[in-house]
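So the protein lines, in turn, are chains Y and D.
Take the first sequence: its position 510, counted from the start at 1, is 510 in full-length UniProt numbering, and no numbers get skipped.
Take the second sequence: its position 330, counted from the start at 1, is 330 in full-length UniProt numbering, and no numbers get skipped.
Every residue, glycine too, gets a C-beta built ideally from N, C-alpha and C.
Owing to the predicted nature of the structure, the values given are computational and were not obtained by experimental measurement.
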Amino acid sequence: MSHTAAGLLQVGLLVVALAAVYRPLGDYMARVYTSTKHNRVERAVYKIVRVDPESQQHWKTYAAGVLGFSAVGIVLLYLVQRLQTLLPWNFGRGPVDEGIAFNTAISFVTNTNWQSYVPESVMGHSVQMIGLTVQNFVSAAVGIAVAIALIRGFTRASTDRLGNFWVDLTRGVVRILLPMAFVFAIVLVALGTVMSLRSGVDVSTVDGQGKTIALAPAASQEAIKELGTNGGGIFNANSSHPFENPSSWSNLIEIFLLLVIPVSLTRTFGTLVGQRKQGYVLLSVMGVLWTGMLAVIWWAETHLNGPAALLAGASMEGKEQRFGIPGSALFANSTTGTSTGAVNSLHDSYSGLGGGGAMLNMLFGEMTPGGVGTGIYSILVMAIIAVFLAGLMVGRTPEYLGKKLGRREVTCAAIAILAMPTVMLIGSGIAIAQSDTSGAMANSGAHGLSEVLYAYASASNNNGSAFAGITVTGDWFQASLGICMLLGRFIPIIAVLRLAGLLAAQRKVPVTAGTLPTTGPLFGSLLTGTVVLVAALTFVPALALGPIAEALA
Amino acid sequence: MTITQERTVAEADRRHIENTGRVAAGVFNPRQLLKSLPDALRKFDPRHQLRNPVMFVVWAGSVLTTVFAIGDPSVFTIGVAVWLWFTVLFANLAEAVAEGRGKAQAETLRRTKKETIARRLYGPSGEERVPGVDLRIGDLVVVEAGEVIPGDGDVVEGIATVDESAITGESAPVIRESGGDRSAVTGGTTVLSDRIVVKITTKPGESFVDRMIALVEGAERQKTPNEIALTILLSTLTIIFLLAVVTLQPMATYSGNTQSVIVLTALLVCLIPTTIGALLSAIGIAGMDRLVQHNVLATSGRAVEAAGDIDTLLLDKTGTITYGNRRATELIPTGQSTVEELTQAARLSSLADETPEGRSIVELCGGESTVDEVGGEFVPFTAQTRMSGIDLGERLVRKGAASAITAWVIEHGGTVPDEVKSTVDKISAEGGTPLVCAEIAGGHAVVRGVIRLSDVVKKGMRERFDELRAMGIKTVMITGDNPLTAKAIAAEAGVDDYLAEAKPEDKMALIKREQDGGRLVAMTGDGTNDAPALAQADVGVAMNTGTSAAKEAGNMVDLDSDPTKLIEIVEIGKQLLITRGALTTFSVANDLAKYFAILPAMFAAIYPQLGELNIMGLATPRSAIISAVIFNALVIVALIPLALKGVRYRPSSASSLLRRNLLIYGVGGVVTPFLGIWLIDLVVRLVPGIG
């Protein structure tokens with residue numbers, strides 16, 4: 001079978017698998033967040049943290065919950081890293097360096113999982129298990145909770161209550177993420193992903209030298225790393241490491257895992273608002289952009305660019321033989337489109353167009369299909385902007401899902417959309433203006449700029465994938481990327497929750513023939529166009545000097 | 001009352017000019033640009049610019065480029081600076097032109113505000129002369145034929161004909177009388193006959209005319225909710241582009257190609273949504289103006305926007321859906337009489353009857369002969385006899401109320417068959433008005449039959465309601481008729497729903513019910529008992545003939561007192577929003593071409609491959625940049641007429657409107673600048689120092 005045919009078969013299998021679970025998982029998640037019953041585990045959790053699960057929260061209380069929980073998470077994670085020597089399975093690894101600990105704490109709490117460290121030599125198994133993996137679960141659950149709160153804004157009317165953050169958070173972990181991660185961790189073990197508490201195995205290589213190959217409890221973290229669109233690898237090589245991602249089958253399963261929740265949440269949304277078509281149109285926009293960008297990256301990587309690739313006959317630099325170009329392109333497209341950031345190939349080695357494509361996926365604002373929760377709330381914010389513009393063109397005060405979009409709603413949507421470009425552009429602008437930045441780059445010229453742009457795009461979008469190439473352990477990068485991750489995560493969250501509060505307080509406007517229909521191909525194209533246009537208009541000048549200049553060379 | 005069948009607002013505009021001779025909002029004369037130039041220049045004041053974030057950025061950019069152009073003068077740098085100033089100027093012009101038309105109208109109105117001397121009453125019988133401006137609320141003034149009414153108020157005594165042409169443009173005098181729903185008078189109008197006593201209801205300086213002047217001049221203009229929301233969105237875009245351009249400099253420096261401040265400013269101004277930013281306030285002013293041109297006075301721009309959002313329209317049956325007067329629709333012979341006999345008798349009895357009902361009977365019966373040819377003596381209707389007819393020698397023909405005719409027939413020795421009573425009752429039960437027709441011929445008094453008078457739905461109403469339905473607007477007919485009649489007329493007119501035997505409180509309840517369902521409601525009204533409902537409705541249009549209470553309660557006043565106008569008001573509201581949306585889309589879509597023009601111009605020196613993006617084949621980097629700047633400025637002027645006139649609007653569903661406008665203003669917005677910049681470059685490249 002040719003590589004292309006194999007690749008197409010993988011894409012086909014992936015789509016079939018996603019289609020198969022779309023309805024049951026989407027509807028199951030809708031039930032999770034509307035059910036009035038609490039199971040035993042949840043009741044125990046509420047008792048311990050002293051939360052009344054029946055109480056309903058104002059958007060400010062909900063937001064305070066999100067922020068407070070995340071702040072505590074950052075502090076705890078920082079302490080766990082700094083106090084590593086007190087924990088078992090540290091294999092003599094000392095306290096994690098302050099800069100790394102700061103950056104990593106923010107990175108995992110914001111669901112970014114940007115890694116400025118080499119796990120095998122810095123993090124022991126305890127830090128991985130009780131620190132990083134815990135955040136993999138809860139940061140993902142926070143994302144879904146915020147999305148559900150926004151959806152409640154649309155479904156509820158004349159109320160200032162958005163639900164209970166602690167209940168949504170607990171249910172997300174207990175009813176969705178834990179069971180799915182458990183099952184898929186076992187599947188990954190079966191496929192060869194390692195699961196071990198040993199620090200490594202000593203082997204002697206063919207040339208007779210002794211070496212230690214690092215081991216880790218990888219499978220349990222691998223499943224949630226993809227499922228929660230986190231992306232932080234337990235090994236430095238991330239999903240290109242054979243112990244994390246041993247075969248093309250495990251590769252396909254990991255891609256499935258990172259897409260499954262963001263995709264199915266469109267069904268959850270459609271079910272909750274009582275119009276499935278509203279979810280389908282969002283799914284189709286995500287799907288069209290995902291497919292389009294996959295085609296671009298795939299094409300770019302199979303059409304040779306540069307002397308090394310021409311010499312080798314394929315752009316295989318930085319890619320794994322067991323995945324090939326299609327398996328790498330598919331992974332790269334999905335990981336950058338979902339704010340996951342796991343990698344199974346080196347994006348730095350991609351062609352100008354291929355790497356630029358991966359970067360553009362992030363610069364869309366992570367909605368193709370985006371991270372767990374973040375994807376759906378980001379595309380809903382974009383839909384509000386699209387509806388506002390188009391709504392005017394049908395001669396009415398714009399309304400979306402029966403809620404009017406006035407001054408305050410548009411302000412919230414604008415802030416949510418402004419946050420990412422602002423921190424990304426200011427961050428990379430200042431970084432590039434510093435004289436020692438070029439020393440940190442692995443390349444000069446356009447590709448060097450691409451490395452910096454990619455790093456800030458990744459942090460600001462809470463993606464966490466690394467272009468690699470650039471050295472980001474200096475204080476400036478640790479601090480500035482950390483701040484980008486924080487602002488890129490929490491400014492939109494606050495704006496989205498405030499938006500949810502405003503929407504929930506409104507009455508519901510009935511749909512008439514004069515209402516702009518927000519389903520169907522016309523609205524789908526409009527939304528797709530808005531997503532592309534906003535990203536293109538914002539980032540084309542910067543991209544022109546990086547990936548575009550590279551791609552046209 | 002004639003029926004209005006305008007299919008579009010534009011056609012209505014045209015008709016309006018013909019009728020009133022006023023300049024309608026839709027017509028744009030390039031000379032207005034020159035006339036408004038002094039006003040436009042005054043608007044360069046930074047305090048004025050600050051009110052519009054997008055144009056303030058352009059203003060600041062103009063200052064910046066001017067400073068740098070002075071430091072490094074060349075054809076290019078001065079050219080960019082000059083054209084940036086032009087961009088600000090054109091935006092100022094758009095606003096000034098829109099305001100200028102309002103000012104012209106205000107002038108006309110001001111002429112009606114003559115200094116008047118009021119004859120104020122005091123004590124039981126005293127009368128004193130005071131200047132009109134000294135009147136206070138509650139004062140009683142006497143106005144006699146030939147005198148100007150000194151202030152807004154209600155007639156509390158007497159009846160008079162009043163010339164209101166100064167306000168309404170309608171030359172036919174109107175009757176104003178105490179009590180009832182025709183008691184309101186407006187200051188500045190003239191009493192033509194008789195004498196009335198008016199109780200002043202507004203303070204001088206806050207009268208109807210004062211408010212109208214303030215409104216059309218734009219003095220009271222505040223940004224409407226939707227305009228504010230749009231401004232926020234435009235500011236967001238401006239911030240994004242500001243960031244994109246400012247952070248471009250370190251990246252350009254890193255790439256070894258530091259850009260001049262002038263080029264970066266040019267890029268910024270081209271990217272931020274200047275087109276819509278420049279035209280936004282002109283669109284708002286013009287929308288208000290369009291309403292005034294339709295002789296509707298709105299108390300706020302907010303009301304005009306709300307009109308576009310209306311979901312439910314409450315329409316009074318009489319005068320709006322049906323003709324104001326009932327018309328003969330059927331002839332029912334009774335007893336031994338034939339249809340021919342009844343037709344002839346009915347016709348004869350009404351030949352000299354000049355009432356609308358009488359004329360409608362003649363129309364229904366047909367025939368050619370006139371009252372002069374027939375001769376005879378006309379017997380007019382009186383309150384005592386309650387019948388009218390004609391005496392042709394021995395032959396006496398009468399029509400009238402059933403009881404009156406029955407008495408007349410019996411008095412002249414005739415008999416009235418039972419079926420007359422049953423027919424009359426049936427017609428009454430169905431909401432019609434029965435008239436009985438009888439004659440004395442050859443000494444015998446005979447009942448010929450019954451004439452049915454009923455409501456006739458105006459022509460074109462059904463189509464109008466179909467359009468409204470397509471726009472997603474539900475129509476509800478309000479009538480005092482019984483449910484049976486109401487249902488029949490509702491079905492005939494094609495309204496979606498009706499409210500029969502409606503009392504004012506029923507109307508109020510209906511409005512509240514609709515609003516609780518999240519719908520916006522519009523209605524018209526004139527009586528004092530309509531006032532609460534007018535206040536409750538989201539758009540309440542009071543008739544100018546109505547009471548002061550009604551006018552105070554509503555948020556619009558229709559000077560023509562034409563209830564069908566409500567439909568046009570809705571269209572004007574929609575047109576206003578569509579124009580904003582369309583020009584915003586156009587403005588943003590323009591940016592694509594500007595990137596293709598400016599980015600290769602900026603960076604082809606360092607990355608020659610970016611020259612491939614110069615798909616327009618612009619001559620030099622300098623010509624490319626200045627062409628984009630010039631296009632950006634000129635497109636504002638080119639769109640001023642559209643901003644003032646409003647985007648063409650045809651009532652149709654949201655989907656088809658969206659498809660059409662996206663195609664024209666979205667796709668058109670992408671294509672137009674490619675063409676425009678390319679054409680400008682062909683000229684600009686000839687300029688030495690640029691080409």
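| message | Among D:227, D:156, D:684, D:203, whose alpha-carbon lies nearest the alpha-carbon of residue 195 of chain D? | response | Translated into positions along the second sequence, residue 195 of chain D becomes position 195. The shortest Cα separation from residue 195 of chain D among D:227, D:156, D:684, D:203 belongs to D:156.
| message | How far does the alpha helix (DSSP H) with residue 480 of chain Y in it extend, from its first residue to its last? | response | Position 480 of the first sequence holds residue 480 of chain Y. According to the DSSP assignment, residue 480 of chain Y belongs to the alpha helix (DSSP H) that extends over 475-505.
| task | Could you tell me if residue 122 of chain D is buried or exposed, where buried requires 16 or more neighbouring beta carbons within 10 angstroms of its beta carbon? | result | Locating residue 122 of chain D in the second sequence gives position 122, counting from the first residue. Classification of residue 122 of chain D: exposed, given that the 10 Å Cβ count is below 16.
| task | Check the DSSP bridge columns for residue 474 of chain D and list the partner residues they point to. | result | Walking along the second sequence from the start, residue 474 of chain D turns up at place 474. Paired residues: D:312.
| task | Assign residue 418 of chain D to one of two classes, buried (16 or more other C-beta atoms within 10 Å of its C-beta) or exposed (fewer than that). | result | Along the second sequence, read from residue 1 onward, the residue named residue 418 of chain D stands at position 418. Per the 10 Å Cβ criterion, exposed.
| field | Closest by C-alpha distance to residue 209 of chain D, when choosing among D:292, D:144, D:226 | value | Reading the second sequence from its first residue, position 209 is the one you call residue 209 of chain D. Answer by Cα proximity: D:292.
| field | Neighbouring residues, chain D, relative to residue 498 of chain Y (Cβ below 9 Å) | value | If you number the first sequence from 1, residue 498 of chain Y lands on position 498. Ordered by position in chain D, no residue passes the 9 Å Cβ test against residue 498 of chain Y, which lies about 14 Å from the chain.
| said: I'd like the span of the alpha helix (DSSP H) that includes residue 538 of chain Y, first residue to last. | reply: In the first sequence, counting from the first residue as 1, residue 538 of chain Y sits at position 538. 520-543 is the extent of the alpha helix (DSSP H) around residue 538 of chain Y.
| message | Output needed for residue 467 of chain D: all residues of its chain with C-beta closer than 7 Å, excluding positions within five of it in sequence on either side, in chain order. | response | Within the second sequence, the letter at position 467 stands for residue 467 of chain D. The residues are 651.
| task | Determine the chain D residues that contact residue 426 of chain Y at a beta-carbon separation under 9 Å, and present them in chain order. | result | Against the first sequence, residue 426 of chain Y aligns to sequence position 426. Close partners of residue 426 of chain Y in chain D (Cβ separation under 9 Å): 243, 246, 247.
| field | Expected contact under 8 Å - CB spacing of residue 335 of chain Y and residue 265 of chain Y to nearest Å | value | Position 335 of the first sequence holds residue 335 of chain Y. Position 265 of the first sequence holds residue 265 of chain Y. Actually they do not touch by this definition, with Cβ atoms about 18 Å apart.
| query | If you drop the 5 nearest sequence neighbours on each side, which residues of the same chain put their C-beta closer than 8 Å to that of residue 137 of chain Y? | reply | What you label residue 137 of chain Y is simply residue 137 of the first sequence in a count that begins at 1. Excluding positions up to five away in sequence, the list reads 173, 177, 178, 181, 224, 228.
| said: Nearest by alpha-carbon distance to residue 146 of chain D: which of D:182, D:177, D:188 is it? | reply: Here residue 146 of chain D is taken as the residue at index 146 of the second sequence, counted from 1. The residue with the shortest Cα to Cα distance from residue 146 of chain D is D:188.
| request: Quick one: list the residues of chain Y neighbouring residue 575 of chain D, beta-carbon separation under 9 Å, in chain order. | output: Counting from one through the second sequence, the residue named residue 575 of chain D turns up at place 575. Below the 9 Å Cβ cutoff, chain Y contributes 395 as neighbours of residue 575 of chain D, in chain order.
| request: Output yes or no for whether 8 Å exceeds the beta carbon distance between residue 158 of chain Y and residue 446 of chain Y. | output: Start at 1 with the first residue of the first sequence, and residue 158 of chain Y comes out as number 158. Start at 1 with the first residue of the first sequence, and residue 446 of chain Y comes out as number 446. Taking a C-beta distance under 8 Å as the contact criterion, residue 158 of chain Y and residue 446 of chain Y do not qualify as a contact pair.
| request: Quick one: which unbroken beta strand (DSSP E) runs of 3-plus residues sit fully inside the region 457-521 of chain D? Chain order, please. | output: The qualifying runs are 474-478, 497-499.
| task | Find the nearest neighbour of residue 126 of chain D within the set D:575, D:548, D:139, judged by alpha-carbon distance. | result | In the second sequence, the residue the question calls residue 126 of chain D occupies position 126. Of D:575, D:548, D:139, the residue nearest in Cα terms is D:139.
| query | What in chain D is Cβ-close to residue 206 of chain Y, meaning under 8 Å? | reply | As a working note, residue 206 of chain Y is residue 206 in the first sequence. Going along chain D, no residue has its Cβ under 8 Å from residue 206 of chain Y, so there is no contact; the nearest lies around 45 Å.
| task | Measure the CB-CB distance between residue 570 of chain D and residue 310 of chain D and report whether it falls below 8 Å. | result | Taking the first residue of the second sequence as 1, we reach residue 570 of chain D at position 570. Taking the first residue of the second sequence as 1, we reach residue 310 of chain D at position 310. Residue 310 of chain D is positioned such that its CB atom lies closer than 8 Å to that of residue 570 of chain D.
| If we call anything under 8 Å between Cβ atoms a contact, is residue 33 of chain Y one with residue 171 of chain Y? | Sequence index remark: in the first sequence, residue 33 of chain Y carries index 33 (1-based). Sequence index remark: in the first sequence, residue 171 of chain Y carries index 171 (1-based). When the beta-carbon positions are compared, residue 33 of chain Y and residue 171 of chain Y come within less than 8 Å of each other.
| Sequence-distant residues of its chain with Cβ nearer than 7 Å to residue 342 of chain D (five each side left out) | Within the second sequence, residue 342 of chain D is the residue found at index 342, counting from 1. Here the set comprises 331, 333, 437, 448, 449.
| message | Helix, strand or coil for residue 703 of chain D? Go by DSSP, reduced to three states. | response | This structure gives no information on residue 703 of chain D, because the portion of chain D shown stretches from 1 to 691.
| request: Determine the chain Y residues that contact residue 229 of chain D at a beta-carbon separation under 9 Å, and present them in chain order. | output: For this step, residue 229 of chain D is matched to residue 229 along the second sequence. Chain Y residues near residue 229 of chain D: 388, 397, 398, 405, 406, 407, 408, 409, 410, 411.
| message | For residue 203 of chain Y, count the other beta carbons within 10 Å of its own beta carbon; 16 or more makes it buried, fewer makes it exposed. Which is it? | response | For the purposes of this step, residue 203 of chain Y is identified with residue 203 of the first sequence, where counting begins at 1. Exposed, because fewer than 16 other Cβ atoms sit within 10 Å of the Cβ of residue 203 of chain Y.
| Which chain Y residues sit within Cβ distance under 8 Å of residue 309 of chain D? | Counting from one through the second sequence, the residue named residue 309 of chain D turns up at place 309. Using a Cβ-Cβ cut-off of 8 Å, residue 309 of chain D is close to 396, 397 of chain Y, given in chain order.
| Using a C-beta cutoff of 8 Å, does residue 414 of chain Y count as contacting chain D? | The sequence position of residue 414 of chain Y within the first sequence is 414, counting from 1. The beta carbon of residue 414 of chain Y sits closer than 8 Å to some beta carbon of chain D.
| CA-to-CA distance, residue 540 of chain Y to residue 239 of chain D, given in whole angstroms | One-based indexing of the second sequence puts residue 239 of chain D at position 239. One-based indexing of the first sequence puts residue 540 of chain Y at position 540. Whole-angstrom Cα-Cα distance: 15 Å.
| task | Quick one: residues in its chain with C-beta nearer than 6 Å to the C-beta of residue 694 of chain D, no 5 flanking neighbours on either side, listed in chain order? | result | Any property of residue 694 of chain D remains undetermined from this structure, which presents chain D solely from 1 to 691.
| query | Can you list the residues of chain D that residue 524 of chain Y reaches, using a CB-CB cut of under 9 Å? | reply | Against the first sequence, residue 524 of chain Y aligns to sequence position 524. Annotation: residue 524 of chain Y has no Cβ neighbours in chain D at a cutoff of 9 Å; minimum Cβ distance is about 12 Å.
| task | Answer yes or no: does any C-beta atom of chain Y fall closer than 8 Å to that of residue 599 of chain D? | result | Position 599 of the second sequence, counting from 1, holds the residue named residue 599 of chain D. Interface residue, yes.
| said: Excluding the 5 residues flanking residue 74 of chain D on each side, which residues of the same chain have their C-beta closer than 8 Å to its C-beta? | reply: The residue labelled residue 74 of chain D in the question sits at position 74 within the second sequence. Closer than 8 Å at Cβ, skipping near neighbours: 689.
| Using the C-alpha atoms, what's the distance from residue 589 of chain D back to residue 669 of chain D? | One-based indexing of the second sequence puts residue 669 of chain D at position 669. One-based indexing of the second sequence puts residue 589 of chain D at position 589. Straight-line Cα distance between these residues: approximately 5 Å.
| request: Please state whether DSSP places residue 340 of chain D in a helix, a strand or coil. | output: Along the second sequence, one-based indexing puts residue 340 of chain D at 340. Here residue 340 of chain D carries a helix assignment [DSSP, helix/strand/coil].
| Are the C-beta atoms of residue 392 of chain Y and some chain D residue less than 8 Å apart? | Looking up residue 392 of chain Y in the first sequence gives position 392. True, the Cβ-Cβ gap to chain D drops below 8 Å.
| Under 9 Å from the C-beta of residue 429 of chain Y: neighbouring residues of chain D | Position 429 of the first sequence holds residue 429 of chain Y. Identification of chain D residues near residue 429 of chain Y by a Cβ-Cβ cut-off of 9 Å yields 243, 246, 247, 248, 249, 250, 251, ordered along the chain.
| query | Rounded C-beta distance between residue 14 of chain Y and residue 252 of chain Y? I'm assuming under 8 Å. | reply | Here residue 14 of chain Y refers to the residue found at position 14 of the first sequence. Here residue 252 of chain Y refers to the residue found at position 252 of the first sequence. Right, the Cβ-Cβ distance comes to about 6 Å (below 8 Å), so this counts as a contact.
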